[in-house]
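Each residue of the sequence shown is one higher than the one before, starting from 10 at the first, in my numbering. C-beta: ideal position from N, C-alpha, C; glycine also.
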Amino acid sequence: MSAIEPRQQTPSTGLAVTQSVRELFLGDLRELPPTQRADALARRFLLSYTGHTRAAYGRDLADWFGWCAALEIDPLAANRAMVDGYARHLEARRSPATIARRLSALAGFYRYAIAEEVLTSSPAAHIKRPKTANDSQTLGMDRGEARAFLAAAKEHSTRAGALVTLLLHDGLRISEALGADVGDLSHARGHRILTITRKGGARRDVVLNPATSQALDAYLDARVEGPVFITSSGNRWHRSEAFRLVRRLGTAAGIEHADKLSPHSLRHTFVTLAREAGVPLEDVQDAAGHADPRTTRRYDRGRHNLDRHPAYALGAFLAD
10 MSAIEPRQQT PSTGLAVTQS VRELFLGDLR ELPPTQRADA LARRFLLSYT GHTRAAYGRD
70 LADWFGWCAA LEIDPLAANR AMVDGYARHL EARRSPATIA RRLSALAGFY RYAIAEEVLT
130 SSPAAHIKRP KTANDSQTLG MDRGEARAFL AAAKEHSTRA GALVTLLLHD GLRISEALGA
190 DVGDLSHARG HRILTITRKG GARRDVVLNP ATSQALDAYL DARVEGPVFI TSSGNRWHRS
250 EAFRLVRRLG TAAGIEHADK LSPHSLRHTF VTLAREAGVP LEDVQDAAGH ADPRTTRRYD
310 RGRHNLDRHP AYALGAFLAD
């Protein structure tokens, strides 16, 4: 892993197996040349995270480092005015949720720098982050649309049918579904289950109802090893391909907002339809793997706020 250049500072999210690995874990950052400290610190900081969070934070820090490089300032010499200026720079280019996450990554990075005794204060300590919407902005589907989407998936292929059935019936993240292996399928106490890896690396069992079991069995066709979802060449199916499939299926199913659908839309649909079916909030929360019930409520409120608006009840009350 090469050292960063003074004017092109980009933290790496990977970890090459070279002698620099030992220095990454054990070296004193304060003894490194100033042009290398920020990158080395970023690599250590990113080791605290895994999966998509680590990748996202890596991109966030890379963007911040690029901003600093354009100003010819070492990220470890940045002040609050620079972070404020960076936040203003982002406002015209990124959504409030993305800006909030990027500033969160910076705040974490500089807290880590203080903990490692590289800095004594953080330029991001008191930065105001934009408020994000309380309701999920992801578009889900209603009951009729979900049925049409399922039918389109089954018509497309057994693989599409299996993936969509799993995502809609169990509310999995696309990374959880595509990361599963055939060996993760089993039975427990009379239930067919799939053991998945949640965010943060925790392993959890999800129940497969009869429809999902049948769809998976039809797709696997007695295959007993490898990833559950594979390409024609036998490699693990990539999330970008699944994303494109969801858009195509949405169009085939006649979904009005098909061009805005994503695999996360199916997770959103799972939450809203499960609540509509009468499933208690805490059970939906557990199934979705949400640590905070407010996260589940963000999905639930999004579609039903209009349906439940008091204006309807008040209009009927006044007209009676």
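Residues bridged to residue i [DSSP beta-bridge criterion]
i: T206; result: R212
i: L41; result: Bridge partners of L41: none, in fact.
i: P236; result: D190
i: R201; result: H196
i: R152; result: Answer is none; R152 lacks a bridge partner.
i: R111; result: DSSP output for R111 lists no bridge partner at all.
i: R245; result: I239
Short Cβ contact (8 Å threshold) for residue i with residue j
i: F158; j: A262; result: yes
i: G180; j: V280; result: yes
i: F252; j: S274; result: no
i: L112; j: L85; result: no
i: R152; j: L282; result: yes
i: G188; j: T174; result: no
i: P132; j: A87; result: yes
i: A51; j: L38; result: no
i: G117; j: F54; result: yes
i: A161; j: L254; result: no
i: D69; j: A114; result: yes
Nearest to residue i (by Cα), restricted to the options the options
i: I136; options: V288, A109, A79, E250; result: A109
i: R168; options: E250, L270, L41; result: E250
i: L184; options: F54, R276, R284; result: The sequence given here has Ser at residue 184, not Leu. Cα-wise, what sits closest to S184 is R276.
i: H200; options: T221, P105, I239, D69; result: T221
i: L172; options: G75, M91, T240, D93; result: T240
i: H165; options: Y228, L115, N218, Y121; result: Y228
i: E40; options: E154, G209, E125; result: E125
Residue environment, residue i, which counts as buried when at least 16 other CB atoms sit within 10 Å
i: H178; result: buried
i: L56; result: exposed
i: H196; result: exposed
i: Q294; result: buried
i: T260; result: exposed
i: N143; result: Any reading at N143 must be qualified, since the residue scores a pLDDT of 47, below 50, and its modelled position is unreliable; the value itself is stated next. N143 comes out exposed.
i: V237; result: buried
i: G192; result: exposed
i: R102; result: exposed
i: I123; result: exposed
Can you list, in chain order, the stretches of the alpha helix (DSSP H) that have 4 or more residues and sit fully within the region 45–123?
-> Complete alpha helix (DSSP H) runs here, min 4: 60–79, 89–100.
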